[in-house]
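First the structure, in the form of structure tokens, and then the observations on it.
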Amino acid sequence: MPNGHSASPDLEQQSEQPTNFGECRDADNINAGNAAASDPTLRALGWSSQWQHLFDAAPKPIGGLVPARVTAQFTNQYRIGAGEGEFSAEVSGKFQFQAASRSDFPAVGDWVVAQPLPGERRAVIHGVLPRRTAMIRRAAGSVPEEQVIGTNIDILFIVNALNGDYNVRKIERYLVAAWESGSAPIVLLTKADLCEDVQSRIAEVASAAPGVPVHAVSAIEDQGRQALLPYLQPGRTIAVTGSSGAGKSTLLNWLAGEERQTVQGVREDDARGRHTTTHRELFPLPGGFIMMDTPGMRELQLWESESGWQEAFAEIEALAASCRFRDCRHEAELGCAVKNALRDGTLDEHRYASYKKTGRELARQARKEKSVTMRAKKSADKRQGARTNDVRRSMEQD
């Protein structure tokens, strides 16, 4: 299961709830659930019968709770869309207390159990429905920690511009994260009007992304829209990710048929973009699909992505499985299928170098995460021991 698919702290405590969820829901919650099933506002955000079943099964600590989707995330607040419109929202005190990590908190794309406050456009989030998919990266900072980019994404548009920022190795990193997330990756080569040999770029990316559709588009020239239509189906959530200046917001405006996001030009000296999008946000668009715009990332730090790494480099993994020795390091061993492929040119040496580099990065991250976990456990054990000694001394004094 991809990382980040867990429910919120409130919902993970289901073992402490009655097995018959009907016993812990009052009439208000039942009515809210029935009304949500046919609500056009929720359907525009991707609501379906599957989400309805999950909402019906979720614990309801109080009455008057309704389903809603997180449409934007800010520092300590969220914007959610519910049947009664948009609300500014915060998590409940219990939710915050029980959250074990930052990934337990709501993220853009999550469906949540919310309590609209009477007479206000504010709401309290009491739980998060189980995630179907979740795109995760390593958060910035020296302490290993995961950051959820977006959830419940059906298709991930990996955007790379055909200008000076074009980079196949960067696309590979996004593919690792995409496969790990559970979403279906699609590579979009934007600004095709700036490239003299588009077809060779498509072929180059296709060789580095086996089985992944690759399309070249130009919003300025209105080229490539027809090829994207099969993905833009009602109810689907499509996230757009890539570097700053790759044309993510321009792509959203182009597919929407109107300006929904402000865009800026790229710097002329290095073709790098300026940070136009400052937060993640959902946009219901004509045709019934939903797009998620995300801020550009200078570098995508991967997080616990071994299965995504294996999927993104599937042809190398298949070669490795054909080596004579199961523990082959692909260095000087006899019968190494990987080295043979490098010698005869069927495996690109740059792609293999990227495979090795990414593998080392993930292994190094796993070791660091294990070290941090062990230190945290040792610290917790030490505090528990100190508390036990305090209790023992107190009893002896009595």
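Residue 1 is where the sequence shown starts when you use the UniProt record's numbering, and the numbers rise one by one after that.
We put the CB at the ideal spot given by N, CA and C, even for glycine.
Under three-state DSSP, which class holds residue i?
{"i": "D110", "result": "coil"}
{"i": "A341", "result": "helix"}
{"i": "G221", "result": "According to the sequence shown, residue 221 is Glu rather than Gly. Three-state DSSP puts E221 in coil, outside helix and strand."}
{"i": "Q233", "result": "coil"}
{"i": "R131", "result": "coil"}
{"i": "S103", "result": "helix"}
{"i": "H350", "result": "helix"}
{"i": "I80", "result": "strand"}
{"i": "C24", "result": "Low local confidence applies: a pLDDT of 39 at C24 is under 50, so the model's placement there is unreliable, and no value is given."}
{"i": "L285", "result": "coil"}
{"i": "P118", "result": "coil"}
{"i": "F87", "result": "strand"}
{"i": "A58", "result": "coil"}
{"i": "A246", "result": "coil"}
{"i": "H53", "result": "helix"}
{"i": "A72", "result": "strand"}
{"i": "I316", "result": "helix"}
{"i": "A332", "result": "coil"}
Would residue i and residue j qualify as a contact pair, given that the criterion is a beta-carbon distance under 8 Å?
{"i": "V168", "j": "V205", "result": "yes"}
{"i": "G150", "j": "M292", "result": "yes"}
{"i": "F289", "j": "I220", "result": "no"}
{"i": "A82", "j": "A114", "result": "yes"}
{"i": "A185", "j": "I158", "result": "Checking the sequence, you will find Pro at residue 185 rather than Ala. For P185 and I158, yes; Cβs fall inside 8 Å."}
{"i": "A208", "j": "L162", "result": "no"}
{"i": "P210", "j": "E315", "result": "yes"}
{"i": "A100", "j": "T190", "result": "no"}
{"i": "V187", "j": "V148", "result": "no"}
{"i": "A337", "j": "S354", "result": "no"}
{"i": "I136", "j": "P106", "result": "no"}
{"i": "L282", "j": "T41", "result": "no"}
{"i": "T294", "j": "V212", "result": "no"}
What separation, rounded to the nearest whole angstrom, lies between the Cα atoms of residue i and residue j?
{"i": "S88", "j": "Q77", "result": "7 Å"}
{"i": "Q233", "j": "G109", "result": "17 Å"}
{"i": "G46", "j": "N160", "result": "27 Å"}
{"i": "T133", "j": "S183", "result": "6 Å"}
{"i": "H279", "j": "P118", "result": "28 Å"}
{"i": "R102", "j": "Q96", "result": "10 Å"}
{"i": "R43", "j": "W111", "result": "12 Å"}
{"i": "L255", "j": "R225", "result": "8 Å"}
{"i": "Q310", "j": "R360", "result": "13 Å"}
{"i": "L252", "j": "R343", "result": "43 Å"}
{"i": "G63", "j": "P116", "result": "11 Å"}
{"i": "D39", "j": "R121", "result": "19 Å"}
{"i": "E146", "j": "K170", "result": "20 Å"}
{"i": "S92", "j": "H330", "result": "52 Å"}
{"i": "L156", "j": "L175", "result": "9 Å"}
{"i": "R69", "j": "Q98", "result": "21 Å"}
{"i": "R274", "j": "E258", "result": "In this prediction, R274 scores a pLDDT of 49, lower than 50, which makes its location untrustworthy; no coordinate-derived value is stated."}
{"i": "P130", "j": "S249", "result": "29 Å"}
{"i": "K60", "j": "A227", "result": "44 Å"}
{"i": "A123", "j": "A363", "result": "42 Å"}
{"i": "G287", "j": "R236", "result": "10 Å"}
{"i": "W51", "j": "R173", "result": "31 Å"}
{"i": "I223", "j": "L65", "result": "Position check: residue 223 holds Gln in this sequence, whereas Ile was assumed. Distance between the alpha carbons of Q223 and L65 is about 45 Å."}
{"i": "L319", "j": "I202", "result": "24 Å"}
{"i": "D197", "j": "K339", "result": "31 Å"}
Taking its Cβ as the centre, do 16 or more other Cβ atoms sit within 10 Å of residue i, making it buried, or is it exposed?
{"i": "K357", "result": "exposed"}
{"i": "G242", "result": "buried"}
{"i": "H350", "result": "exposed"}
{"i": "T346", "result": "exposed"}
{"i": "P230", "result": "exposed"}
{"i": "H53", "result": "exposed"}
{"i": "S200", "result": "exposed"}
{"i": "Q73", "result": "buried"}
{"i": "G127", "result": "buried"}
{"i": "D327", "result": "exposed"}
{"i": "A341", "result": "buried"}
{"i": "T75", "result": "exposed"}
{"i": "S181", "result": "buried"}
{"i": "S49", "result": "exposed"}
{"i": "A178", "result": "buried"}
{"i": "F313", "result": "buried"}
{"i": "D104", "result": "buried"}
{"i": "A332", "result": "exposed"}
{"i": "F55", "result": "buried"}
{"i": "P284", "result": "buried"}
{"i": "L334", "result": "exposed"}
{"i": "R324", "result": "exposed"}
{"i": "D165", "result": "buried"}
For a cutoff of 8 Å on Cβ pairs, would you count residue i as touching chain C?
{"i": "A68", "result": "No chain C is present in this structure, which holds just one protein chain."}
Please confirm whether any heavy atom of the ligand ZN lies closer than 7 Å to the CB of residue i.
{"i": "A341", "result": "Of the ligands one can find in the structure shown there are none, so the ligand ZN has no counterpart to examine."}
Unbroken stretches of the beta strand (DSSP E), 3 residues or longer, contained in the segment 155 to 211: Listed in chain order, the complete beta strand (DSSP E) runs (minimum 3 residues) inside the segment 155 to 211 are 155 to 161, 184 to 190.
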